[in-house]
Amino acid sequence: MKNKKKLLSKKVLNEGFKYLEKDPVKNFPKLVKWASKIPMQERTKRQFDKIVEYWDDEDGPWHKFIYNLLTELDPNVRKTLLMNLTIHAGIEGAKVLDESRAKYDCNVPWAILMDPTSACNLKCKGCWAAEYEKTDSLNYETLDDIINQGKALGTYSYIYSGGEPLIRKDDIIKLAKAHNDCVFLAFTNGTLIDDEFAHKVQQVGNLTFAISIEGFEEETDMRRGAGTYKKVIAAMDILKKHGIAFGFSTCYHSKNEDVISSEKYIDYMIEKGCVFGWFFTYIPLGKDAVVDLIATAEQRKHMYEKVREYRNTKPIFTMDFWNDGSYVNGCIAAGRRYLHINANGDVEPCAFIHYSSANIHDVSLIEALQQPLFKEYKKNQPFNDNMLRPCPLLDNPNYLKKMVLDSKAKSTQPKDRENVVDLTNKTQKISKEWEVVSTKLCQSEQRKSVN
1 MKNKKKLLSK KVLNEGFKYL EKDPVKNFPK LVKWASKIPM QERTKRQFDK
51 IVEYWDDEDG PWHKFIYNLL TELDPNVRKT LLMNLTIHAG IEGAKVLDES
101 RAKYDCNVPW AILMDPTSAC NLKCKGCWAA EYEKTDSLNY ETLDDIINQG
151 KALGTYSYIY SGGEPLIRKD DIIKLAKAHN DCVFLAFTNG TLIDDEFAHK
201 VQQVGNLTFA ISIEGFEEET DMRRGAGTYK KVIAAMDILK KHGIAFGFST
251 CYHSKNEDVI SSEKYIDYMI EKGCVFGWFF TYIPLGKDAV VDLIATAEQR
301 KHMYEKVREY RNTKPIFTMD FWNDGSYVNG CIAAGRRYLH INANGDVEPC
351 AFIHYSSANI HDVSLIEALQ QPLFKEYKKN QPFNDNMLRP CPLLDNPNYL
401 KKMVLDSKAK STQPKDRENV VDLTNKTQKI SKEWEVVSTK LCQSEQRKSV
451 N
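Counting from 1, position 173 in the sequence shown corresponds to residue 173 in my numbering; the numbering is continuous, with no gaps.
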């Protein structure tokens, strides 16, 4: 019965997409109304209602955002992404996820982050991936098996990081073809993107990119090496030319926060064709990490303000991995919404938490989700009543220390095996400073919601 409903939903939307392609801008509202009639969970229905609200506000930034997607994306890319996000990762996937969470009594993620390889063609200052061996990799069969296991649980969104995932271009395209019902996002330094590869991406339609950039040329080349910025901009031009959905991924730290929070930077990213922007803050992983690069509490506050400002005024979807805890009820790691599998197969709570007691080569995905460390996360999430303090490392380091020690999880960093006491000692000071600043911000948020 479930398969019949899923097939019916796909059939309805397929007909809708044929209609959409005749005149995307004119017919988009009708497609959304058709899709909203498909049986779905209440939270998914609210998302459809929000899309209609955004589209009806013709002077608003979200109307322009949707308009850009309808007019600038390649038709196959547009259709494939909308279908997979709406049906598989959305309406149908959400139901199966809830069923899996109830059945197995553990977190089951909406998205899985995987490292196809730990190898990289760059050596960036302060990179969390630099703590892994450069010879590790997940072969095609393992990646394919993880995706198959995930889909059975309701997970249809897969993210690649590394290392540099595009070192494995052929396998990434092959996986996108094999799992054409999924949505894939690759975090990439962009230097390996060329026209030939972009054409293949255009054909599969379900692969998107978050291109790492640290600001303008000075800031980017400072961390990523001379000449990298120009290659990144060239990659954006290629993707835009081929109508492929992409955005930027920027790590903010004490040396670049003023630049990457500027309107000039955001406007330039929009001009280059970015449809979304991920902001991450610098995390001091590894014994040789540069602690001075950690953004100050005031800089983080400034990012909180600017990301929200741009989200309400610019035709681009901006997200802050740390400051947007209010929207997702705190930390999303350890399978609550996502998890990380490194190139050695270690199943970690998060890309920034290098501890685990499960390896995907030895256990199934559901067994990895039931490992002691993940159970500790589930038991303690959210880690703070203040949703602007979501992270157990940066904002609540005593939680991470206790969870790792209680679960007896081991370090997955082969280079230095950094113990959790040393790691959390590095964030104690900034967590206390952020507590003071974020408490005032949280109180301000609460007053606005009441009014």
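Heads up, the beta-carbon is just placed ideally off N, CA and C, and yes, glycines get one too.
Is residue i buried or exposed, if buried means 16 or more other CB atoms sit within 10 Å of its CB?
i, result
"Lys11", "exposed"
"Glu15", "exposed"
"Thr313", "exposed"
"Thr532", "Lying outside 1 to 451, the shown extent of the chain, residue 532 is not represented and no answer is given."
"His199", "exposed"
"Asn121", "exposed"
"Asp385", "exposed"
"Glu21", "exposed"
"Gly215", "buried"
"Asp57", "exposed"
"Asp171", "buried"
"Lys37", "exposed"
Check whether the Cβ atoms of residue i and residue j lie closer than 7 Å to each other.
i, j, result
"Val232", "Gly277", "no"
"Lys125", "Arg46", "no"
"Ser331", "Phe383", "Inspection of the sequence shows that residue 331 is occupied by Cys rather than by Ser. Contact flag set, yes."
"Pro372", "Ser326", "no"
"Ala343", "Asp115", "yes"
Roughly how many whole angstroms lie between the Cα atoms of residue i and residue j?
i, j, result
"Asp362", "Glu42", "38 Å"
"Ile341", "Phe248", "22 Å"
"Met1", "Thr142", "Because the pLDDT at Met1 is just 48, under 50, the model does not fix this residue reliably, and the point stays unresolved."
"Gly243", "Thr80", "13 Å"
"Ala334", "Asn107", "7 Å"
"Leu73", "Lys241", "9 Å"
"Leu239", "Asp267", "18 Å"
"Asp422", "Val204", "45 Å"
"Ile213", "Lys169", "20 Å"
"Met40", "Glu92", "8 Å"
"Val52", "Leu393", "38 Å"
"Ser411", "Phe197", "36 Å"
"Phe209", "Ala186", "5 Å"
"Asn398", "Lys64", "44 Å"
"Asn425", "Asp136", "29 Å"
"Lys230", "Glu217", "7 Å"
"Ile260", "Ile316", "15 Å"
"Ile147", "Asp346", "16 Å"
May I ask you to report which of helix, strand or coil DSSP gives residue i?
i, result
"Gly150", "helix"
"Trp278", "strand"
"Val183", "strand"
"Phe459", "In the structure displayed, the chain extends from 1 to 451; residue 459 sits before or after that span and is not available."
"Ile112", "strand"
"Gly90", "helix"
"Ser431", "helix"
"Phe28", "helix"
"Glu15", "helix"
"His242", "coil"
"Asn398", "helix"
"Phe383", "coil"
"Tyr156", "coil"
"Lys50", "helix"
"Lys306", "helix"
Mind reading off the beta-carbon distance from residue i to residue j? Whole number of angstroms is fine, and I expect it under 8 Å.
i, j, result
"Ala409", "Ser357", "5 Å"
"Ser161", "Ala351", "6 Å"
"Trp55", "Phe17", "In fact, because the Cβ distance is near 17 Å, the residues do not count as touching under 8 Å."
"Ala89", "Val183", "5 Å"
"Phe374", "Pro390", "Rounded, the Cβ-Cβ distance is 17 Å, inconsistent with contact."
"Glu109", "Tyr338", "A quick correction: the sequence has Pro, not Glu, at residue 109. That pair is a contact at about 5 Å."
"Tyr252", "Thr220", "Not quite, the Cβ-Cβ distance comes to about 13 Å (not below 8 Å), so this is no contact."
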